[in-house]
Each structure stands twice: as C-alpha cells, then as structure tokens.
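Under the working numbering, the first residue of the sequence shown carries the number 9, and numbering increases by one thereafter. Note that the Cβ used here is the ideal one computed from N, Cα and C, for glycine as well. Heads up, the thing below is written out as structure tokens.
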Amino acid sequence: MNTIQIDVDRYIAREQSLPLEDQYGYWTFIIAGQPMSVFGSYSEATIVAKLYARMYESDQSTIILDSVNNAGQIYKAG
C-alpha cells in the first residue's frame, strides 16, 4: 500500500501551529483539487481523508490540510 502524506505547509504558513493528534475540530482537506471536510480529532480526520483518497483512487499522493475550526470556538460578528 502506498503511503499518502498530508501537506501542512499551507496551514503552517498561516502562522498556526501544527495540530495535536487529539485536537477536535472541523478539518478541511484538499484532495485532488476538491475540498473534503471532517469533524473529529486530527488523527481521526487524517484517517478519513486518506481513506477517501484511496477509495476514489486520487492521482495525487499528497493531501493538503487547508483549514481547521477548533471545536467549541466562538466567533464574534462585526
């Protein structure tokens, strides 16, 4: 089985730290140019993203972590 890497360069470039394995949130990955969002811990989300890439036989070996919203995070309007 081929190893599928997740590219976090775009995420880190936004001056945020690398997510912890047990950090819960809403994760958006770019797989073969299409966004896919998963809710759960970072490790759970990466497993689902890699499974999705294998199921649909993505021709790209790299998945890009595009964005994340932490669970329970409150945004102020205005």
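ask   = Terminal residues of the continuous alpha helix (DSSP H) containing Thr-54?
value = Here residue 54 refers to the residue found at position 46 of the sequence shown. Element bounds for Thr-54: 50 to 63.
inquiry  = I'd like to know whether the C-beta atoms of Ile-55 and Ile-14 end up nearer to each other than 7 Å.
reply    = Translated into positions along the sequence shown, residue 55 becomes position 47. Translated into positions along the sequence shown, residue 14 becomes position 6. Cβ atoms of Ile-55 and Ile-14: not closer than 7 Å.
task = Go through its chain and collect everything with a Cβ distance to Pro-27's Cβ below 7 Å, but skip five positions before and after it.
result = Translated into positions along the sequence shown, residue 27 becomes position 19. So the qualifying residues of the chain are Tyr-50 and Val-76.
query = Since Met-44 and Tyr-32 are thought to touch, with beta carbons under 8 Å apart, how far apart are those beta carbons, to the nearest angstrom?
reply = Numbered from its first residue, the sequence shown carries residue 44 at position 36. Numbered from its first residue, the sequence shown carries residue 32 at position 24. No, Met-44 and Tyr-32 are not in contact; Cβ-Cβ is about 17 Å, not under 8 Å.
ask   = Can you give the Cα-Cα distance for Gln-24 and Met-63, rounded to whole angstroms?
value = For this step, residue 24 is matched to residue 16 along the sequence shown. For this step, residue 63 is matched to residue 55 along the sequence shown. So the alpha carbons of these two residues sit roughly 30 Å apart.
message = Is the beta carbon of Ala-21 closer than 7 Å to that of Phe-37?
response = Numbered from its first residue, the sequence shown carries residue 37 at position 29. Numbered from its first residue, the sequence shown carries residue 21 at position 13. Going by C-beta atoms, Phe-37 is not nearer than 7 Å to Ala-21.
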